[in-house]
Amino acid sequence: MTLHGFAQSFLSFATDLSLALLALALVLTTIRIILGPSLPDRVLGLDLLTSLAAGVIAVVGIDSGFTLYVDIAIALGLVGFLATVAFARFITAQARAHPRDAEEPTGRLRDGTAESEATP
1 MTLHGFAQSF LSFATDLSLA LLALALVLTT IRIILGPSLP DRVLGLDLLT SLAAGVIAVV
61 GIDSGFTLYV DIAIALGLVG FLATVAFARF ITAQARAHPR DAEEPTGRLR DGTAESEATP
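All residue numbers for the sequence shown refer to full-length UniProt numbering, where the first residue is 1 and numbers rise by one.
Put into structure tokens, the structure is as follows:
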């Protein structure tokens, strides 16, 4: 086996392994988004989902040799970042408008007191 043949087979193995691991991460992230438990968890999952999708696009671009895929992955990363910032602003505005809804799933308020202690 020549060095060029080894490099091609290694690149093929690496891209196949990368796509398999990214697919597993996409499935687990989708499960995390569905299960929640809160809106910030889902927003973080969506941010991870866009990052993983950009990774898949980049690996496909490396595998196919078509360089336009890398540009698409960069654009998707920028759109994902802007979407995360917009969701964060929405969550912050929602928490300011409805401070009573800013409880953690454990029944504790953000300052650490229990809900029964906070209500008179």
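Here a beta-carbon is modelled for each residue, glycine too, at the ideal position from N, C-alpha and C.
Does the structure place the stretch 92 to 99 close enough to the stretch 55 to 66 that three or more beta carbon pairs sit under 8 Å?
no
- Item | Distance between beta carbons of V59 and L22, contact taken as under 8 Å | 7 Å
Q) Going by Cα to Cα distance, which pick from F10, A53, G5 and A25 is closest to L76? A) A53
key: 7 Å Cβ cutoff met for G80 and Y69   = no
At what residue ranges does the stretch 12 to 61 contain a whole run of the alpha helix (DSSP H), taking only runs of 4 or more?
none
I think L49 touches L26, with their Cβ atoms under 8 Å apart; what is that distance to the nearest whole Å?
7 Å
Practice prompt. Could you tell me if V85 is buried or exposed, where buried requires 16 or more neighbouring beta carbons within 10 angstroms of its beta carbon?
Written response: exposed
Practice task
Compute the Euclidean distance between the alpha carbons of S38 and L17, then round it to the nearest angstrom.
Solution key: 32 Å
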